[in-house]
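Numbering (our numbering), first residue to last: 122 to 285. The beta carbon of each residue, even a glycine, is placed where N, CA and C say it ideally should be. Source: prediction; values computed, not measured.
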Ligand code: ADP
């Protein structure tokens, strides 16, 4: 049986920090499914279809990594995919507060599930999609933090907004 891990998130948009976690997860599992949450309560900058398209472009060269989207309960999605592993990235101890709550809830509704927390390279510990969008909107250079396909999309998005 291949060992399948699911990496859920908003990925609005996917950053080098997310990709670092994908690569680490892939070293531990045969298949990694990066899945974009379609029903998140967070308001998003990019549509689900755009987030999926960008993530696909970024993982195109990585064998054993797929991109998908899910709606509804994450544990139901895991069951459908035949996976018992949730990957989450942890940048700082402060991330754990929320992650611990989520992992405990997921375990309560799906006892066989394990949440696996991975630390990114230290270059990415202060990186989040929202901070990138905030500084990109004001014209900062974000080349070091975003994969090439995302860089272009972010530039286009904020250039368009400026013109409006
Ligand atoms: P969510 O809304 O589910 O938190 P995100 O796209 O913000 O979605 O994050 C998805 C996962 O990736 C989370 O586990 C988050 O902690 C992790 N993550 C986000 N940015 C980074 C980063 N720079 N390094 C490592 N993990 C990260």
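Helix, strand or coil for residue i? Go by DSSP, reduced to three states.
i	result
residue 242	coil
residue 152	strand
residue 275	helix
residue 164	coil
Excluding five sequence neighbours on each side, which residues of the same chain lie with their C-beta closer than 8 Å to the C-beta of residue i?
i	result
residue 263	253, 256, 257, 272, 275
residue 200	231
residue 245	136, 137, 138, 141, 212, 266
residue 237	126, 146, 149, 206, 207, 208, 209
Apart from the five residues on each side of it in sequence, which residues of its chain come closer than 6 Å, Cβ to Cβ, to residue i?
i	result
residue 191	156, 198
residue 122	none
Determine the direct distance from the alpha carbon of residue j to that of residue i, and round the result to whole angstroms.
i	j	result
residue 135	residue 265	13 Å
residue 240	residue 210	6 Å
residue 218	residue 228	16 Å
Between which two residues does the alpha helix (DSSP H) carrying residue i extend?
i	result
residue 196	195–202
residue 216	214–230
residue 250	250–258
residue 267	It is not in any alpha helix (DSSP H) - residue 267 carries neither H nor E in the DSSP assignment.
To which residues of the same chain is residue i closer than 7 Å at the C-beta, ignoring the five residues directly before and after it?
i	result
residue 133	165, 166, 167, 172, 250
Ends of the beta strand (DSSP E) at residue i?
i	result
residue 126	125–130
What does DSSP give as the partner residue(s) for residue i in the beta ladder?
i	result
residue 208	237
residue 188	155
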